[in-house]
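Single-structure report; data block below.
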Amino acid sequence: MADKRKMKLFNEKDNSLIDTEMDEWVNTRTGEQRVMQNVEKVYYGQRQFWKLYMQDFLAVLGIFESKQLEVVCYIMENTDPSTNLFIGTMANIAKEIGVSPTTVNNAIQRLKGANFMVVTETPSVYRVNPDIMVKGSEAKKRGLVITYTEDKNRALPEDSDVERAELAREAGESEKEVIIVEAEVSGEE
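So, in structure tokens, the structure goes:
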């Protein structure tokens, strides 16, 4: 076999090591000889996987019923890894996974209450807490934590009223009817 020429390059942009090597290959049946280049690319670091911080994540999972867990799984599967944003109306989520909009609303309220996600300034857009679920480096996580905290501090107490109104529209009721029903239940009027 001829001498091997090796070369290694480290790519800082994606934390990968590219290892190239020239090999001489001999076909044992025909005796033909060829020089071929073998290339191996290995990724280092934490960039390629979602990280779930188990203690916090299991605490979140413990508050759900079985149908609501389907909503949680749907949200996790459809969260954008670059921004930790989940976009979806209650009606669309319910239709996609075959549960009622009320089940979706209850699951989202529980997720928000468990600090798993917050609603952003845009209705039906939620940011998942990077302290519980994140994909990327620690530097990226720190940036997402800052954004999540800003969204959380910006969240208005009326968010649940906005979500209730969305749920009512999807069920064909008016916003006024929903607010009146809420007032009657709480004893106000």
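Per the working numbering, the sequence shown starts with residue 3, numbered consecutively. We put the CB at the ideal spot given by N, CA and C, even for glycine. In this text the structure is predicted, and so the values were computed from the model without any measurement.
| task | Starting from the Cα of residue 73, find the closest Cα among 140, 93, 132 and give me that residue. | result | 93
| task | Tell me whether residue 101 sits in a helix, a strand or coil according to DSSP, three-state version. | result | coil
| field | Secondary structure of residue 22, DSSP reduced to three states | value | strand
| said: Please return the same chain residues whose Cβ sits closer than 8 Å to the Cβ of residue 54, not counting the five positions on each side in sequence. | reply: 134, 135
| What residue from 25, 44, 43 has the CA that sits closest to residue 36's CA? | 25
| Which of helix, strand or coil DSSP assigns to residue 42 | strand
| query | Can you tell me the Cα-Cα spacing of residue 190 and residue 79, whole angstroms? | reply | Low confidence applies to residue 190: its pLDDT is 42, below 50, so where it sits in the model is not reliable enough to give any reading.
| Going by other Cβ atoms of all chains shown within 10 Å of its Cβ, with 16 needed for buried, is residue 86 buried or exposed? | buried
| field | Sequence-distant residues of its chain with Cβ nearer than 7 Å to residue 11 (five each side left out) | value | 20
| Beta-carbon contacts of residue 77 that lie in its chain and below 6 Å, excluding the five residues immediately before and after | 88
| According to DSSP, residues forming a beta bridge with residue 13 | 18
| query | Hey, how far is the Cα of residue 18 from the Cα of residue 43? | reply | 7 Å
| said: Can you tell me whether residue 55 is helix, strand or coil according to DSSP? | reply: coil
| message | Taking 8 Å as the cut-off, does the segment 115 to 131 touch the segment 141 to 154 (at least 3 CB pairs, one atom from each stretch)? | response | yes
| query | In chain order, what residues of the same chain lie with their CB nearer than 8 Å to the CB of residue 27, ignoring the 5 residues before and after it? | reply | 35, 36, 37, 38
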